[in-house]
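Each residue of the sequence shown is one higher than the one before, starting from 2 at the first, in the numbering used here. Beta carbons are placed, not taken as given, at the ideal position from N, Cα and C, and that holds for glycine. Since the structure is predicted, the reported quantities are computational estimates derived from the model, not experimental observations. Contents: one structure, followed by commentary.
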Amino acid sequence: IRYCMCGRFTQYIDPYTLDRLFELFLGVPYPHEDLIESLAACYPNSYNIAPTQSGAIIHADHDANTLRADRAHFGLIPKWAKERSISAKMINARSETIWEKPAYRGLISSRRAILPINGFYEWQAIPTQKTKQPWYIHRADEHPMLLACVWDTWLDPEHDGSPVDSFSIITTDANTQLSDKHHRMPVILEPEALGPWFDRETPPREVSDLLAPAAEGVLGMHRISGRVNAPSNNDSALIEPDSDAGPATLWG
Numbered sequence: 002i003r004y005c006m007c008g009r010f011t012q013y014i015d016p017y018t019l020d021r022l023f024e025l026f027l028g029v030p031y032p033h034e035d036l037i038e039s040l041a042a043c044y045p046n047s048y049n050i051a052p053t054q055s056g057a058i059i060h061a062d063h064d065a066n067t068l069r070a071d072r073a074h075f076g077l078i079p080k081w082a083k084e085r086s087i088s089a090k091m092i093n094a095r096s097e098t099i100w101e102k103p104a105y106r107g108l109i110s111s112r113r114a115i116l117p118i119n120g121f122y123e124w125q126a127i128p129t130q131k132t133k134q135p136w137y138i139h140r141a142d143e144h145p146m147l148l149a150c151v152w153d154t155w156l157d158p159e160h161d162g163s164p165v166d167s168f169s170i171i172t173t174d175a176n177t178q179l180s181d182k183h184h185r186m187p188v189i190l191e192p193e194a195l196g197p198w199f200d201r202e203t204p205p206r207e208v209s210d211l212l213a214p215a216a217e218g219v220l221g222m223h224r225i226s227g228r229v230n231a232p233s234n235n236d237s238a239l240i241e242p243d244s245d246a247g248p249a250t251l252w253g
């Protein structure tokens, strides 16, 4: 099993998720009247999305000057890629180097996106155990978690140049809550950051300021069953606390 940050997440729709997402996007600089409808149509309703699978992202359609949601391949496929297999190595983009790496530097300026998720998984090394302990991490307030991403469109040469949207999740240093489980964490945007995040006129320095670790107390987390280790397992029981793993505290 390959454990990485951020490598697995959940996206499942319920009326609360849709209502809350609509509220969160009220302050963005682009019209979004049809955003929630398009999001509901492309949401995968999955409890275990792994690299090279697909998830729903929200991005600005600058031709139409509006926000839209689309299914996209998890793991960026650069325009210059000859085949999509490279995407397995490009699921995350480091915030510290995103303005410098050839595959990302153009995208952080013009193709920023949001990955709205319910939560993600992380694996903690336990000194007395051979296997890592999986945790489910979500917002403590149970609101949808909005991860900062970059995306692009690749033309698949094996399918007559058919367009494939793909994305990478931007990561930063872990905050104190998460640091005993992994040294990195995804960038989690708060509602007030959505406006400048989607605005292409936001100066690079201000964009970089948005790519900071989540404030302490934002996250809630609990131990879960090792069933999550297999991507083929995909049901709501995956995110339930595991009573056999010991007390479900924040600190392992």
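Item	Value
Does any residue of chain B bring its CB to less than 8 angstroms from the CB of L239?	Annotation note: the requested chain B is absent from the structure, which comprises a single protein chain.
Looking at H74: is its Cβ nearer than 8 angstroms to the Cβ of S55?	yes
V29 and L195 - do their beta-carbons sit closer together than 8 angstroms?	yes
Rounded to whole angstroms, what is the Cα-Cα separation between R255 and G8?	What is shown of the chain runs 2 to 253, which leaves residue 255 out entirely.
Go ahead and pull the three-state DSSP assignment for Y17.	helix
Opposite V165 in the DSSP bridges: which residues?	W155
For A94 versus I189, is the C-beta distance shorter than 8 angstroms?	no
Taking R224 and D243 to be in contact with their CB atoms under 8 angstroms, please state how far apart those CB atoms are, rounded to whole angstroms.	5 angstroms
Restricting to Cα atoms, I'd like to know which of P214, I50, A216 and P158 is closest to L116.	I50
Which partner residues of D174 appear in the DSSP bridge assignment?	R185
Identify whether P117 lies in helix, strand or coil by the three-state DSSP scheme.	strand
How about C70 and S111: do their beta carbons lie closer than 8 angstroms?	The sequence given here has Ala at residue 70, not Cys. Contact: no.
Going by DSSP, what residues sit across from Y137 in a beta bridge?	Y122 and H223
With a CB to CB cut of under 6 angstroms and the five nearest residues on each side skipped, what residues in its chain are close to E241?	none
To which residues of the same chain is K80 closer than 7 angstroms at the C-beta, ignoring the five residues directly before and after it?	D153 and W155
Suppose contacts are defined by Cβ-Cβ distances below 8 angstroms. Is H33 in contact with A114 by that definition?	no
Measuring only the C-alpha atoms, how far is V229 from D210?	33 angstroms
Among the candidates E193, W136 and T11, whose CA atom is the shortest distance from the CA of L25?	E193
Where do the N-terminal and C-terminal ends of the beta strand (DSSP E) with G56 fall, by residue?	S55 to D62
Given a threshold of 16 other Cβ atoms within 10 Å of its Cβ, counted over all protein chains shown, does K102 qualify as buried or as exposed?	exposed
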